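Report on the structure given below.
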Amino acid sequence: MAARTRLRIDWLPLVVVLLCLLSAGGYVIAVVQQGGTPVLWFVGGLLVAAALTLGGTLGSRRRRAPALLVAGVLLCALGALALFSVGLPVIAAGLIAFAAAARARITT
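Going by this note's numbering, the first residue of the sequence shown is number 2, and it counts up by one from there.
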């Protein structure tokens, strides 16, 4: 009988990606409903952080922790800038990315 390998999924980075995408969508919806135009660099930063997190999670183990660390720094900075609108979930996503980066460094 052949040994089956089990795919181990790290859920913390997926939570970060979900928070990034929901925050970006919520921000765009809130700004458009108020008659404004969303700031593209903010939405782009959230999407870059989501891509970094997803790429670090699905990529090689060597680049997982640095990608999550960069995403955490970017998300905390963006969350501080948008603290009074959608900043709190963005900061939470950054802190979760830091926790996932620490866990990735321990397991590698």
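The C-beta atom is built at its ideal place from N, Cα and C for all residues, glycine as well. Remember, predicted model here, so these are calculated numbers, not experimental data.
Less than 8 Å separating the beta-carbons of residue i and residue j?
i    : j    : result
G57  : R63  : no
L79  : V91  : yes
L69  : A102 : yes
G1   : L76  : Nothing can be reported for residue 1, as the shown portion of the chain is limited to 2 through 109.
V17  : A105 : no
A100 : L13  : yes
Looking only at C-alpha atoms, which of the options sits nearest to residue i?
i    : options            : result
F43  : L13, S24, D11      : S24
G26  : L59, L48, L15, A66 : L48
D11  : L22, G60, P39      : G60
I107 : V74, A66, A31, V32 : A66
A51  : F85, V87, L22      : L22
G73  : G36, Q35, L55      : L55
G88  : Y28, L15, L41      : Y28
Helix, strand or coil for residue i? Go by DSSP, reduced to three states.
i   : result
P90 : helix
F85 : coil
* To do: Could you pull out every unbroken alpha helix (DSSP H) segment of at least 4 residues lying fully inside the region 11 to 63, listed in chain order?
  => 12 to 34, 41 to 59
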